[in-house]
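**Student:** So that we are looking at the same thing, I have put the structure below in structure tokens.
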Amino acid sequence: MPTFYPEGLLMDLAQNRQKLSSLWALEEACQNRTILEARAIVCDSDHNLIVDLGAFRGMIPREEGALGIEDGSTRDIAIISRVGKPVCFLVTGFESSSGQVTPVLSRRAAQQICMDEYVSGLMPGEIIGARVTHLEPFGCFVDIGCGIPSMIPIDAISVSRISHTRDRFTVGADIKAVVKSVEDGRICLSHKELLGTWEENAALFAPGETVAGIVRSVENYGIFVELTPNLAGLAEPREGVAAGQHASVYIKSLIPQKMKVKLIIVDSFDVQVRPDPPDYFLTEGRLRVWRYSPGCAERVMQTVFYEEK
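When you line the sequence shown up against the numbering used here, it's residues 21 to 329, in that order.
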């Protein structure tokens, strides 16, 4: 089965560079319908993309810029926003004018192959790779292959709640995700299931330790501090603490029956740091049921991806 990469991962591979090295190699790629990748450098007034192939300048006509452009289900911003970024494509032909050859390219055709041979076969619970493309307050948009978009809703990113997706991800980051559902060809993703259960995360800590955390919310009854993306604890109220601050916290107790971590804030402070790359407990395979809560817990927290027949 062919491997379909998010845009940006194919461009620097030796095989891709070789296919862009000469007109003969591009003609061979055209005949074999090989997906290639290069950087878009201009979007002209007609919304055709000009692509830097090295020795040549290729052109992706507007209607070939993405799946859905021709029927209007995808907006032209999907083309315009690719300027300066890698784009995947098939070579579909060549035009010659005044002795200059211009390869004609199709990003839409590359995406259609990816959709037919990869995306359409994805199943709930399957763990896949993705690349973060942009961040919104409500969700993280990702490329799951050849520029085909999907989204991770903010509440599916981690068990510990965040106020914005930029609290967890950066644009361009390569991450893992799990297919939550497949509906009418649309892939909905989740992420929190890959970050470990309560027990797996709690095992990283012990009562009596003082550790680093991030203040996620301040309530009148206490302060929620994230120790890991899938483990947060409640600290006693303390003046001068604000959401988003980093903190050093003393761990009073870990209570698996209630899935609680009791904390005391030693200090809190402002610091601007990029989110750490996710530390995954799962990176491959297919999940049927993922249970976050310990077996002894009073309530069950789990995700069911599919039922056994």
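Positions of the beta carbon are idealized from the N, C-alpha and C atoms, including for glycine.
Quick one: using the 10 Å Cβ neighbour count with 16 as the cut-off for buried, is Ile168 buried or exposed?
**Tutor:** Burial call: buried.
**Student:** Which residue wins for smallest C-alpha separation from Arg181, given the options Trp310, Pro26, Leu254?
**Tutor:** Considering only alpha carbons, the answer is Leu254.
**Student:** Tell me where the beta strand (DSSP E) around Gly97 begins and ends.
**Tutor:** For the record, residue 97 in the displayed sequence is Ile; it is not Gly. Here Ile97 belongs to no beta strand (DSSP E); instead the alpha helix (DSSP H) covers 97–100.
**Student:** Where do the ends of the alpha helix (DSSP H) carrying Leu43 lie?
**Tutor:** From DSSP, the alpha helix (DSSP H) with Leu43 extends over 43–52.
**Student:** Have a look at Arg95, Ile147, Met79, Thr94 and flag the residue whose alpha-carbon is nearest the alpha-carbon of Thr122.
**Tutor:** Looking at the Cα atoms, Met79 is the closest of the given residues.
**Student:** Just to confirm my understanding: we take Ile300, look at its own chain, exclude 5 residues before and 5 after, and list those with CB closer than 7 angstroms. What are they?
**Tutor:** Residue 300 is actually Tyr in this sequence, not Ile. Correct list, in chain order: Lys196, Leu214, Leu215.
**Student:** For the beta strand (DSSP E) holding Asp287, just list the boundary residues, first then last.
**Tutor:** Run containing Asp287: 280–289, per the beta strand (DSSP E) assignment.
**Student:** Let's see if you can read the secondary structure: which residues bound the beta strand (DSSP E) around Ala267?
**Tutor:** Ala267 -> beta strand (DSSP E) spans 266–275.
**Student:** What is the DSSP secondary structure of Cys316, counted as helix, strand or coil?
**Tutor:** Cys316: coil per DSSP, three-state reduction.
**Student:** Return the chain-ordered list of same chain residues with a C-beta closer than 8 angstroms to the C-beta of Met21, the five sequence neighbours on each side being excluded.
**Tutor:** Here Met21 scores only 44 on pLDDT, less than 50, and its place in the model is too uncertain to base an answer on.
**Student:** Please report how far the alpha carbon of Val111 lies from the alpha carbon of Ala49, in whole angstroms.
**Tutor:** Spanning the two alpha carbons is a distance of roughly 7 angstroms.
**Student:** Rounded C-beta distance between His211 and Ala176? I'm assuming under 8 angstroms.
**Tutor:** Going by Cβ atoms, the distance from His211 to Ala176 rounds to 6 angstroms, so yes, they are a contact pair.
**Student:** Identify, in the order they occur along the chain, each residue of the same chain with its Cβ nearer than 8 angstroms to the Cβ of Pro276, setting aside the five sequence neighbours on each side.
**Tutor:** Here the set comprises Trp218, Glu219, Ala222, Pro314, Cys316, Ala317.
**Student:** Could you give the DSSP three-state label for Glu328: helix, strand or coil?
**Tutor:** Coil at Glu328, not helix or strand.
**Student:** Can you tell me whether Gln120 is buried or exposed, with buried defined as 16 or more other CB within 10 angstroms of its CB?
**Tutor:** Exposed, because fewer than 16 other Cβ atoms sit within 10 Å of the Cβ of Gln120.
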